[in-house]
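I have placed the structure first, in the form of structure tokens, so that the comments after it can refer back to it.
Protein chains: 4
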Amino acid sequence: MQNQATHPAGHGSERVFDLEQPRTSTMPIHPAHQPGYQYVLYRRHQDSFGQDGPRSGSSGMIVCMEHSGTHIDALCHQASDMMLCGGIAVDSQTQTPYGFTKHGVETIAPMVAPGVLLDLAAYHNLPALPPGYAVSAAELEACCAMQHLVIEPGNVVLVYTGNEQNWSDTTAYLAGPGMAADASRWLAKHKVLAVGADTMAWDVLGLRDPELGCTLPGHVILLVQHGIYIIENLRLSELAIAQAYRFTFVCTPLKFVGATGSPVRPIAIVR
Amino acid sequence: MQNQATHPAGHGSERVFDLEQPRTSTMPIHPAHQPGYQYVLYRRHQDSFGQDGPRSGSSGMIVCMEHSGTHIDALCHQASDMMLCGGIAVDSQTQTPYGFTKHGVETIAPMVAPGVLLDLAAYHNLPALPPGYAVSAAELEACCAMQHLVIEPGNVVLVYTGNEQNWSDTTAYLAGPGMAADASRWLAKHKVLAVGADTMAWDVLGLRDPELGCTLPGHVILLVQHGIYIIENLRLSELAIAQAYRFTFVCTPLKFVGATGSPVRPIAIVR
Amino acid sequence: MQNQATHPAGHGSERVFDLEQPRTSTMPIHPAHQPGYQYVLYRRHQDSFGQDGPRSGSSGMIVCMEHSGTHIDALCHQASDMMLCGGIAVDSQTQTPYGFTKHGVETIAPMVAPGVLLDLAAYHNLPALPPGYAVSAAELEACCAMQHLVIEPGNVVLVYTGNEQNWSDTTAYLAGPGMAADASRWLAKHKVLAVGADTMAWDVLGLRDPELGCTLPGHVILLVQHGIYIIENLRLSELAIAQAYRFTFVCTPLKFVGATGSPVRPIAIVR
Amino acid sequence: MQNQATHPAGHGSERVFDLEQPRTSTMPIHPAHQPGYQYVLYRRHQDSFGQDGPRSGSSGMIVCMEHSGTHIDALCHQASDMMLCGGIAVDSQTQTPYGFTKHGVETIAPMVAPGVLLDLAAYHNLPALPPGYAVSAAELEACCAMQHLVIEPGNVVLVYTGNEQNWSDTTAYLAGPGMAADASRWLAKHKVLAVGADTMAWDVLGLRDPELGCTLPGHVILLVQHGIYIIENLRLSELAIAQAYRFTFVCTPLKFVGATGSPVRPIAIVR
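Here you go:
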């Protein structure tokens, strides 16, 4: 048996960090995506045992919203004035009962890109940022400096806030910190490929940006205005503890044609 | 916008091959896993447009069997005489309504391993192996020789049969070729990490192995006897056309705790 | 044990006819409502046996479209020029991700009404009307006369076409007969409470009514213009064979708040 | 439009009481049947508007456990020593991934039977029985006397405890009263067709019967030993307020072949 779950596997002398939270029916789910996730095992070994020599099989069924657990948002997930990224109008041609005909998650190529981790919790010398705390561009910039990091175009930027510690307490997790609008603008200026954090919604839930006139401003700035993907509910503490600030980030969104996102299990490969 | 789906992305001078078939409700599904996959978009942009400035969101719901589309089998998926790999008994402690407490897909560590592609179609100078054709160990061995490949312990071995061409014709796809039992034994002897093919079930569907006394003998040999994972419904033609026989294989099964498998989007990175 | 399924039960000297088709995953489903219906038994008796003395329980999960099998259409199911029955506009107030806030199936009171069966197959002296045959108002009227029936306001009118015989052949069943627009207008004039037939869609699928300028004209005439409910996929042959043309019709749509319809098991009580 | 939901409909001079609780995703659900119920509206009127003249349609998808909301338990739902009612063994022939081949809910004939309401809340001169209170056979008997009721074979006996008042508070609702084992035995002696109450589980949740050696003793006594159906989560306050103690009880479980129960909308017809 090859049970390596507790030992980061690798290929040569590299270390692989698993950035996905385990999926269970009790994991925190954003209210808009309730009930979120259910798995039932309906085909059991004893059902077929005896009908095919010694062999038997077992399998189940998954019912889940694509924005459940660790997941990536596709560009069709958000619109501004009913326009998706690139000026694509939301209408009955693009938005159908079975998904989007433009900007569905299947249009996200597999990501193999340089990644950086900004440890905002360590920057503030806290185990976790306070509930509702909005991280500013200035803090991201200062954190980069402190960690001796430069963000290049095409990078994937992950922000560790410490909110991950609340994973087993949905209320606390949903009340966690997030990025202020200017933080998203700053990252957009750097032409990153994608961003992510150990929070439910990247932005501070419920916090309205006066300039854009809406909540979840980062979603508009990143997904709609700049075509930058957002990855939510990441497991980053291990990376943070290891102070692994630079890595190869690999993320392979499942090609659910037309879907607005996908559960993902990103990894950070550190050589 | 960063629509790179048609251009294999990469990091430096590498090429990334996407080995996942797109997921749609009409893709071939094994009879045991019907109806297989459904996605519905129930939260529409117009539902919320006007309530939060210019911003609106959209999302859906996925209902699928974990063995749908390109997917990996976990070790709990198959048993021999009601025992899972490593002598773990199938009972009410290990097999529950919500999944397995041992050998669930969450126990598969992210895979970053040397991979090899055995192009059996090219070996036979055919676009695809015939329906029901059982590939033997000798053919795998000869194909390795022809392609100048050596299989090392910990490798992931992918076999291209050409069956992929039938992806839009469920009946033809299900009737495709597969691996004979001795082919699986040969791979097991090489202590590979995982195997995969562009077929529904790795083995030839319905073909009984007299030695084991069951169908799907590869599933018993690999999953149960050797703890080797099986990946099904791979998209390998692009790799085959490029004659990319050695690569870094990356596969990140989603951690659906207790599940018997996971949809995956493996990639092959060629440097 | 009280297994009375094969013997119409009753209360005194009445006979109860079960008008619902059994629900299975292979029953005919309209293309718009695919995959239609799935039931999986994921909680098994052996899971809990031994934990609570001799007792154990078992249960499952249903995934279905409300328009699957024998079912009733609610008034929100259809619109004309984006208006529901009674001039209610379809907009983000009335049509939400979780259903309609007006005219949802929960607004259908339990039906206990006089019912009549029009046996159009017998009228034409055929086992079943031909595929695509459109029953006219004149035929309904003549059938009433032949059966000595008068349709009163508040009645429920069921039409037997013989299409029920095709239940095990989805293609044939979907290609079956239906009601022409004038038949629906004739019934609307009689101010019936509801109508139903042994067909998938009441109307002839694909047949466009030139006056209304659309297909499924009966849906517009009955649901939208007159607030008359439509019940589809009824099992009427038993009633027809018994020549039970008058009965008390009882139908209790489930109150799925906001849904566009409900699976139902209507009964006809004949005293 | 025929919106009669708030006015009990009828046929002549009868009054029809609707005994079903409305189904929403927030209704109380027994922990074993979580998440219980979800409805999503994924086909919207605007998707098709313009493609078929003025007509458009809308529909959704239901995901639910059969034991959600007001529902009936079929005889396969419970076993004692792995035997269903009538000595039918639970094994791979009877219990399959897709349901039971014996005693599935489709074997319950439509119920049209004399019904009686025992108002235990009124008997105790309380709005509701206390949490966890176990109603005894003696109390049922005394209540019958007080209400001048005689229970005959084939009757359906409904018990109003007042727990219905807690419907909007899941914790309180689940903590409600129930029937003690002797109450179930007393009803079984009367050879009733079915029983029901305004509680989640008929029995007091968690209360173990020393004689049977298990919790939910009523489920064993009624379903397994006597083939008597149990209906849960009934809406009985209206009947109680009207002091309608005798009525015709009509209940039409949906024929989900092989399922362990069905959501139902029973009615009580009072003439």
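Chains as they are written, first to last, in this note's numbering: chain A, 1 to 271; chain B, 1 to 271; chain C, 1 to 271; chain D, 1 to 271. Note that the Cβ used here is the ideal one computed from N, Cα and C, for glycine as well. Since we're looking at a predicted model, the values are computed, not measured.
Asked                                                                                                                                                                        : Found
Rounded to a whole number of angstroms, what is the C-alpha to C-alpha distance between residue 9 of chain C and residue 15 of chain C?                                      : Because the pLDDT of residue 9 of chain C is 49, which lies under 50, any placement of that residue in the model is unreliable, and the number read from its coordinates should be weighed accordingly. Cα to Cα, residue 9 of chain C sits roughly 6 Å from residue 15 of chain C.
How long is the line joining the alpha carbons of residue 128 of chain D and residue 216 of chain D, rounded to whole angstroms?                                             : 21 Å
Taking residue 118 of chain B as part of the beta strand (DSSP E), name the residues at either end of that continuous run.                                                   : 111 to 119
Whose C-beta lies closer than 6 Å to the C-beta of residue 271 of chain A among residues of the same chain, with five residues either side of it excluded?                   : 14
Which residues mark the beginning and the end of the alpha helix (DSSP H) in which residue 281 of chain A is found?                                                          : Look at the range of chain A in this structure, 1 to 271, and you will see that residue 281 of chain A is not part of it.
Which two residues bound the contiguous beta strand (DSSP E) that contains residue 158 of chain D?                                                                           : 156 to 160
What does residue 96 of chain A reach in chain D if we use C-beta pairs closer than 7 Å?                                                                                     : 47
Does the separation of the CB atoms of residue 115 of chain C and residue 166 of chain C fall below 8 Å?                                                                     : no
Looking only at its own chain, which residues have a Cβ that is under 8 Å from the Cβ of residue 225 of chain B, when we skip the five neighbours before and after it?       : 80, 85, 188
Report the rounded CA-to-CA distance for residue 192 of chain B versus residue 184 of chain B, giving the unit in angstroms.                                                 : 10 Å
I'd like to know if residue 5 of chain B contacts chain A, where contact means its C-beta is closer than 8 Å to some C-beta of that chain.                                   : Caution applies to residue 5 of chain B, whose pLDDT of 37 falls short of 50 and renders its modelled position unreliable; the value that the coordinates give is listed next. Yes, because at least one Cβ of chain A sits closer than 8 Å to the Cβ of residue 5 of chain B.
May I ask you to report which of helix, strand or coil DSSP gives residue 199 of chain D?                                                                                    : coil
Please decide whether residue 35 of chain A counts as near chain D, where near means a Cβ-Cβ distance under 8 Å.                                                             : yes
Going straight from the alpha carbon of residue 240 of chain C to that of residue 175 of chain C, what length do you get?                                                    : 22 Å
Give me the Cα-Cα distance between residue 143 of chain B and residue 94 of chain B, rounded to the nearest whole angstrom.                                                  : 40 Å
Kindly indicate which three-state DSSP category residue 219 of chain A falls into: helix, strand or coil?                                                                    : helix
Residue 233 of chain C: beta carbon under 7 Å from a heavy atom of the ligand MG?                                                                                            : What this structure holds is no ligand at all, so the ligand MG is not there to describe.
Quick check on residue 91 of chain D: buried or exposed, where buried means 16 or more other Cβ atoms within 10 Å of its Cβ?                                                 : exposed
Does the count of Cβ pairs from the stretch 124 to 138 of chain D and the stretch 95 to 104 of chain D closer than 8 Å reach three?                                          : no
Over the uninterrupted beta strand (DSSP E) stretch that includes residue 71 of chain B, give me the two end residues.                                                       : 71 to 73
Any C-beta of chain D within less than 8 Å: which residues of the stretch 12 to 24 of chain C qualify?                                                                       : 14, 16, 18, 20, 21, 22, 23, 24
For residue 252 of chain B and residue 104 of chain B, I'd like the C-alpha separation in whole angstroms.                                                                   : 14 Å
Could you tell me the distance, in whole angstroms, from the CA atom of residue 42 of chain B to the CA atom of residue 23 of chain C?                                       : 25 Å
What's the C-alpha gap between residue 131 of chain D and residue 30 of chain D?                                                                                             : 16 Å
Under 6 Å Cβ to Cβ from residue 133 of chain B, same chain only, skipping five residues before and after it: list those, please.                                             : 177
Check each residue of the stretch 45 to 76 of chain B: if its Cβ is closer than 8 Å to any Cβ of chain D, include it; give the result in chain order.                        : 46, 60, 61, 63
By the 10 Å Cβ neighbour count, where 16 or more other Cβ atoms means buried, how is residue 210 of chain C classified, buried or exposed?                                   : exposed
Please list, in chain order, the chain A residues whose beta carbon lies closer than 9 Å to that of residue 215 of chain B.                                                  : 52, 53, 55
Let's see if you can read the secondary structure: which residues bound the alpha helix (DSSP H) around residue 147 of chain D?                                              : 137 to 147
Quick one: what's got a C-beta closer than 8 Å to residue 60 of chain A's C-beta in the same chain, skipping five residues either side?                                      : 39, 40, 41, 42, 43
Taking Cβ-Cβ distances shorter than 7 Å, what residues in chain A pair up with residue 40 of chain C?                                                                        : 40, 42, 61
In angstroms with no decimal places, state the Cα-to-Cα distance between residue 172 of chain C and residue 256 of chain D.                                                  : 23 Å
Using beta-carbon positions only, say whether residue 203 of chain C and residue 190 of chain C come within less than 8 Å of one another.                                    : no
Quick check on this structure: which residue in A:246, A:263, A:233, A:262 has the alpha carbon closest to the alpha carbon of residue 152 of chain A?                       : A:246
Report all residues from its chain with a CB closer than 6 Å to the CB of residue 119 of chain A; omit the five preceding and five following residues, and keep chain order. : 160, 240
So with CB distances below 7 Å, who are the chain D contacts of residue 92 of chain A?                                                                                       : 46, 47
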